[in-house]
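Residue numbers (our numbering), protein chains in the order written: chain A, 1 to 285; chain B, 1001 to 1211; chain C, 2001 to 2269.
Here a beta-carbon is modelled for each residue, glycine too, at the ideal position from N, C-alpha and C.
These numbers come from a predicted model, not from an experiment.
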Amino acid sequence: MTDKTKIGKYFSYDINQGGWRELPKSLLLIAITLLVILQADKYIQTLIEYGYCEKYGTFLDYLAYFFQGDYVYELSASSVFVLPIYWLAFHAFVAYIVGFYPYEDFVQYGRMSILYGKDRVSWWLAKILWQILSVAWCYLLVYGTIAGYIICKHRLLSWKLTEEIWNNLSPELLNYTTTDLIVVIVILPVLTTIAITVIQGVVAFWKTPVVSFMLVNAMLVVSVYSTSYLWLGNYTMWLRNDRISPEGISPVIAILIDSVLIVIFLIIGIRQFKRVDFLGKVDGL
Amino acid sequence: MELVIKDYTKIIRKVTVLDQINLTLTGGKIYGLRGKNGSGKTMLMRAITGLIRPTAGYVAIDGKKIGKDIDFPQSVGALIENPSFIQEYSAMDNLKVLANLSGGIPEEDIRSILERVGLNAQESKPFGRFSLGMKQKLGIAAAVMGKPQLIILDEPINALDEYTVERIKELLLELRNEDRIILVACHDREELDYLSDVIIHIQEGRIVNDR
Amino acid sequence: MIEVLHFEWNRAMRSKRIWFVLGAGMLCSVLQAVHYEMGGIVKNFYENSDYPIVCWLSYLGRDIQLFYRSLYYLIFPIMAALPFAASYYEDKQSGYQKVLFMKVKRNAYAAAKYLVAFVTGGLVTVLPLMFSLFLHAGFVPGYPPSELSLQAVPLDGQPYCNIFYEHPFFYAVIFWGIDFLVGGCIAGIALCFSLIAKMKYSIYVFGFVFCILERTILYQFDCVNWAFSNIAEMTDLLLNGWEIFMKLIVTVIFSFALFVGVLTRKDVL
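Pasting the structure below:
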């Protein structure tokens, strides 16, 4: 059997086990998305009441609101550090949904499936594929929930920003072209989340999934505090873009770093997994 | 088929669990593995199946080293420790998943092996609700289905009734006659003596006597 | 009951998880103190403010400028659950539960387990805060805080703010007491979840997911004051002391009754 066929077989097993069984956790994301949409609606409602705006937002408005994150934090005597809770909730839940299944399968059934498939690397690659697909699924859920809400409320399902809304929120966003918007609101967050989950998966096998989950959340919090290429969470917040703030993140560099990290940790993961011992049930901490 | 274990040593957290193991196993024999609890029987089985990597030495099957040339023996079935299957699936479904991963074993063969070990292939009861004996039977069925060249069984007759034990013994002897390597660990001296062509004694991670 | 309690407590203390969590918490305290001093924040206050920062506001539990407090309270639920919330799950999986039920009464076992999970959950979340305050007291002045300095939280309307300005250490003790209760509640909730959990990690992470979800939902309905995480942090809190304790006591009673009630009736398979 070729490696590709083996990866395919492991992957279809993962879709079955990790997909359907993990599906209920996706409801968390739908809940978070709805909460963000309602929050956005509340804000827009206020603008409408005060005459700054005439209509509710489009699909892109809600999407941009969802993934905005927070402005660059500047430490001073009067600064107050606040976590953007919705942004954090989304990424923490993605880490929760995606980050545990590979290790869980390894501990429960992995010994059998790897022995019978006879290929460690294919098993690992199938898991990475599963993680990538799951991240895409999480983002699709968000897009789908927003789109569904828009359609139900008979609003504009368009890829255009509403000037009146963003003049009050973040006028800098209006300077972006459509391509820029696709990059900073769609491509970069998805790619960065994939990078984070690949790293999380590798660390989960090196330490435990709980430790890797805590480290991911720590990284997210530090990202809010420090605007630096070192902290991946920054790439997922378009408010941290270098067009919004001079100390911000360049999307091009961010995409490059994400890609490099994915490749590096893929290789580290493969090397690590080729040497891992199956010693029986090792269940978390 | 020939399985060679050469100077195999495994150290886990500064404890030597396998120490300079040297063994050659050939097809057409049942090898009985005997030793006290904690002597290294299960660890040796893990080493042969490629589930652990050596600190030193190697395991080679037909000249191919595990961990270097191949990840796992190309034709192997193993029951090591507690049988581990998907809780929600029935016996048949569990074996189908494994059969699919290992390159396709006909459904008829799966059905026949289930009947052989005393399980009902039509049964839809999920694995999570099996008794200990049923789990053990399924573990054996998974290990021998597709008639692999190398069969590793760790305490296969635990929790089995007399009738099933006899059937399993018959099955193993049949497989032995088909030129396969079978390695069985068992605490029951009589059963092991009956089954085995060669008895390997292991003590504190070392082979002390094989005859 | 005393023997079972003693037994469960010993188990908790021997487990490496409790020391891992304490270590992580202490590390957070040390890093925050080092960052605070090395980051020149104390110096900044002396140079740019009319009133120096005080240790009652600079330590891990109250600092609003660095990210450590937010991080600490974010992983607070995981820290509370790690020491002992999965102990019932472990007993069930290993079959040890069957051995124990031959020797002790089920309700005593359940009650002891809940109590130990509660106390260990509270302790591991509070000890790093205490450690942090004592660390900060070494290099940040301990003047009585001044409302006029505009750096102070709690502000008017927030719980125990009078006590804060008059007896800041006593306020810190009350704050730690509330955090102890919150940590214990979360550990108790995670222990209840372990009755149905299928994997150990999900028990540890359940409290985290629960707290985030609770906070985001309550935020939507302008009731975020009632969220566990807000009660633990007590920064923007607008509940009074009675409301805080009411929520916590109700949670304890409910989760205790649920855990003991289910365990005493559950079949041991």
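For Ile2231 of chain C, no CB of chain A lies under 9 Å from its own CB, so it is not counted at the interface with that chain. In this structure, DSSP gives Gln1020 of chain B an extended state, which the three-state scheme calls strand. Gly1146 of chain B is not a Cβ neighbour of Thr1016 of chain B, given a cutoff of 9 Å. Within chain A, the residues placing a beta-carbon under 9 Å from that of Leu1051 of chain B are Arg111, Ile114, Leu115, Asp277, Phe278 and Leu279, ordered along the chain.
Shortest Cα-Cα distance from Ile1066 of chain B to any of A:Val183, A:Leu47, A:Arg120 and A:Phe66 involves A:Arg120. The C-beta of Asp1071 of chain B comes closer than 9 Å to at least one C-beta of chain A. Taking the Cα of Lys153 of chain A as reference, the smallest distance to any Cα among A:Ile249, A:Lys25 and A:Leu34 is reached at A:Leu34. Under DSSP, Asn241 of chain A forms a beta bridge with A:Ile249. Annotation: Lys25 of chain A has no Cβ neighbours in chain B at a cutoff of 8 Å; minimum Cβ distance is about 17 Å.
The shortest C-alpha to C-alpha distance from Ile262 of chain A to any of A:Trp124, A:Ala195 and A:Tyr56 is the one to A:Ala195. Sequence-distant Cβ neighbours of Ser26 of chain A in its own chain, meaning closer than 8 Å and more than five residues away, are Ile97, Trp137, Cys138 and Leu141. Each of B:Leu1138, B:Glu1088 and B:Leu1079 was checked against the Cα of Arg111 of chain A, and the nearest Cα belongs to B:Leu1079.
The criterion of a C-beta distance shorter than 9 Å is satisfied by Tyr86 of chain A and Thr2216 of chain C.
Those residues of the segment 1089–1114 of chain B placed with their C-beta closer than 7 Å to a C-beta in chain A are Val1097, Leu1098, Asn1100, Leu1101, Ser1102 and Gly1103, ordered along the chain.
Contact between the segment 1168–1177 of chain B and the segment 1100–1108 of chain B is not established, with fewer than three Cβ pairs separated by less than 8 Å.
Note on geometry: alpha-carbon atoms of Ile1200 of chain B and Ala2110 of chain C lie some 47 Å from one another. The bridge partners DSSP lists for Ile1005 of chain B are B:Leu1023 and B:Val1059. Under the 8 Å Cβ criterion, the segment 249–261 of chain A does not count as touching the segment 204–216 of chain A, having fewer than three qualifying pairs. In the three-state reduction of the DSSP assignment, Gly1077 of chain B falls in the strand class, which pools E and B. In the three-state scheme derived from DSSP, where H, G and I count as helix and E and B as strand, Arg1189 of chain B is classed as helix.
Within the same chain, and ignoring the five residues on either side of Ile44 of chain A in sequence, the residues whose Cβ sits closer than 7 Å to its Cβ are Cys53, Tyr56, Gly57 and Ile165. Proximity of chain B to Arg120 of chain A at the Cβ level (cut-off 9 Å) is accounted for by Gly1050, Asp1071 and Phe1072, in chain order.
Contact annotation for Glu104 of chain A against chain C: Met2199 and Tyr2201 [CB-CB distance below 8 Å, chain order].
Judged by their CB atoms, Leu1183 of chain B and Leu1018 of chain B are not nearer to each other than the 9 Å cut-off. Spatial neighbours of Ala1141 of chain B in its own chain (CB-CB distance under 6 Å, excluding positions within 5 residues in sequence) are listed in chain order as Ile1113, Leu1114 and Val1117. Within the DSSP secondary-structure output, Ile1030 of chain B pairs in a beta bridge with B:Ile1182. In the DSSP assignment, Lys1065 of chain B is bridged to B:Ala1060. Inclusion of Leu29 of chain A and Thr145 of chain A in the CB contact set at 9 Å is warranted, their separation being smaller than that value. Under the Cβ distance rule, Thr197 of chain A does not count among the residues neighbouring chain C, no pair being separated by less than 9 Å.
Given a length threshold of 4 residues, each whole run of the alpha helix (DSSP H) inside the segment 1077–1152 of chain B is given here in chain order: 1091–1101, 1107–1117 and 1132–1144. Residue contact with chain A for Val1076 of chain B: present (Cβ-Cβ distance below 9 Å to some residue of chain A). Annotation: Asn234 of chain A is outside any alpha helix (DSSP H) and is labelled neither H nor E by DSSP. For Asn2225 of chain C, there are no neighbours in chain A by C-beta distance under 8 Å, as the nearest C-beta there is about 14 Å away. Counting C-beta pairs with one atom in each stretch, the segment 69–88 of chain A and the segment 216–233 of chain A have three or more that are closer than 8 Å, which means they touch.
In this structure, DSSP gives Lys1010 of chain B an extended state, which the three-state scheme calls strand. Distance between Trp2056 of chain C and Arg2062 of chain C, taken at the CA atoms: about 7 Å.
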